[in-house]
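Colleague: If you read the sequences in order, they're chains A and B.
Each step along the first sequence adds one to the number in the working numbering, with nothing skipped, and position 22 is 22.
Remember, the working numbering sits 115 above the position in the second sequence when you count from 1.
From the three backbone atoms N, C-alpha and C, an ideal C-beta is built for every residue, glycine too.
Below you will find the structure I want to go over with you.
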Amino acid sequence: EAGVAQSPRYKIIEKRQSVAFWCNPISGHATLYWYQQILGQGPKLLIQFQNNGVVDDSQLPKDRFSAERLKGVDSTLKIQPAKLEDSAVYLCASSPRGPRWGEQFFGPGTRLTVL
Amino acid sequence: GQQLNQSPQSMFIQEGEDVSMNCTSSSIFNTWLWYKQEPGEGPVLLIALYKAGELTSNGRLTAQFGITRKDSFLNISASIPSDVGIYFCAGQLRQAGTALIFGKGTTLSVSS
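Have a look at this one:
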């Protein structure tokens, strides 16, 4: 089966600009996650969707970050305006229903550099 | 926020050696997962553990879910150069749904 797709793979912007990332999860996976991975650290959850509803966005900086999953399939994450500290890899993951519910499968990530 | 203490931070070993790394927490976890990440790629799932005491293997990799539900270890036997990468433990807290909490990673270097 095809894995989690993300685009773009790399993005360089200047601070105060806006940027958007796209994710298409594994087919049939109802749960979708966005994580932020800062260099040298493990990924940190930003937001979790179950179908097209938000389950957990407690760690999403809502003054500048937004995310949507309108039809319960693909998702976009937006940053507006970007700050220097937003430089990181943004990872999308999805997980299946059923007995393997806990397993999350990650895409290749989008590396964002804010100058 | 919740933290996972992963150790060691880095390891430098010779090809053929066995490797062991572990994660501990002060909180109880429902699941433990181990991932490997290579440069420029997303984490790849190696092993998932769902039950306290569970011991699971995937080729040369073996992982265990601690009896107390607060720790896990990963062993790699007979390491090879392609084992190089960053290994992350991750878990799902019992009281917090399915979002993963990650350790800081163990960087493995293998010399041939």
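If you run the structure through DSSP and keep just helix, strand and coil, what is A:D74?
Modeller: As a first step, residue 74 of chain A is located in the first sequence; it is residue number 74 there, counting from the start. A:D74 falls in the coil class under three-state DSSP.
Colleague: Which value, in whole angstroms, describes the spacing of the CA atoms of B:M120 and B:R184?
Modeller: The count along the second sequence starts at 1 and reaches residue 120 of chain B at position 5. The count along the second sequence starts at 1 and reaches residue 184 of chain B at position 69. Rather than Met, the amino acid found at residue 120 of chain B in this sequence is Asn. Using only the alpha carbons, I get a separation of about 14 angstroms.
Colleague: Would you check if the region 175-192 of chain B and the region 95-104 of chain A touch, i.e. whether three or more CB-CB distances between them fall below 8 angstroms?
Modeller: no
Colleague: Sorted by chain position, which residues of the same chain lie with C-beta nearer than 7 angstroms to A:A30's C-beta, five sequence neighbours on each side aside?
Modeller: Sequence index remark: in the first sequence, residue 30 of chain A carries index 30 (1-based). The answer, listed in chain order, is Q50, N51 and R97.
Colleague: Please check if any C-beta of chain A sits within less than 8 angstroms of the C-beta of B:Y165.
Modeller: In the second sequence, residue 165 of chain B corresponds to position 50, counting from 1. True, the Cβ-Cβ gap to chain A drops below 8 angstroms.
Colleague: Any residues in the region 46-62 of chain A with a beta carbon nearer than 7 angstroms to a beta carbon of chain B? Which ones, in chain order?
Modeller: Q48, V55 and D56
Colleague: Give the residues of chain B in contact with A:L91, contact being defined as C-beta atoms less than 9 angstroms apart.
Modeller: Stepping through the first sequence from its first residue, residue 91 of chain A is reached at position 91. Within 9 angstroms Cβ-Cβ: G157 and P158.
Colleague: Distance check for A:D74 and A:F105, CA to CA, integer angstroms please.
Modeller: Here residue 105 of chain A refers to the residue found at position 105 when the first sequence is read from its first residue. Here residue 74 of chain A refers to the residue found at position 74 when the first sequence is read from its first residue. Answer to the nearest angstrom: the Cα atoms are 15 angstroms apart.
Colleague: Can you list, in chain order, the residues of the region 165-184 of chain B whose Cβ is nearer than 7 angstroms to any Cβ on chain A?
Modeller: Y165
Colleague: What does the alpha-carbon distance come out to for the pair B:L223 and B:S125?
Modeller: Locating residue 223 of chain B in the second sequence gives position 108, where the first residue counts as 1. Locating residue 125 of chain B in the second sequence gives position 10, where the first residue counts as 1. Spanning the two alpha carbons is a distance of roughly 6 angstroms.
Colleague: Give a yes or no on whether 8 angstroms exceeds the smallest Cβ distance from A:F65 to chain B.
Modeller: On the first sequence, position 65 is the one that residue 65 of chain A refers to. Not one chain B Cβ lies under 8 angstroms of A:F65.
Colleague: Identify every run of the beta strand (DSSP E) within the region 131-202 of chain B, keeping only runs that are complete inside it and at least 3 residues long; order them along the chain.
Modeller: Listed in chain order, they are 134-139, 144-152, 159-164, 170-173, 176-180 and 186-191.
Colleague: What would DSSP say about B:G206, mapped onto helix, strand or coil?
Modeller: Sequence index remark: in the second sequence, residue 206 of chain B carries index 91 (1-based). Here B:G206 sits in strand by DSSP.
Colleague: For A:G98, name the three-state secondary structure that DSSP assigns.
Modeller: On the first sequence, residue 98 of chain A is found 98 positions in, with the first residue counted as 1. Of the three classes helix, strand and coil, the one that applies to A:G98 here is helix, per DSSP.
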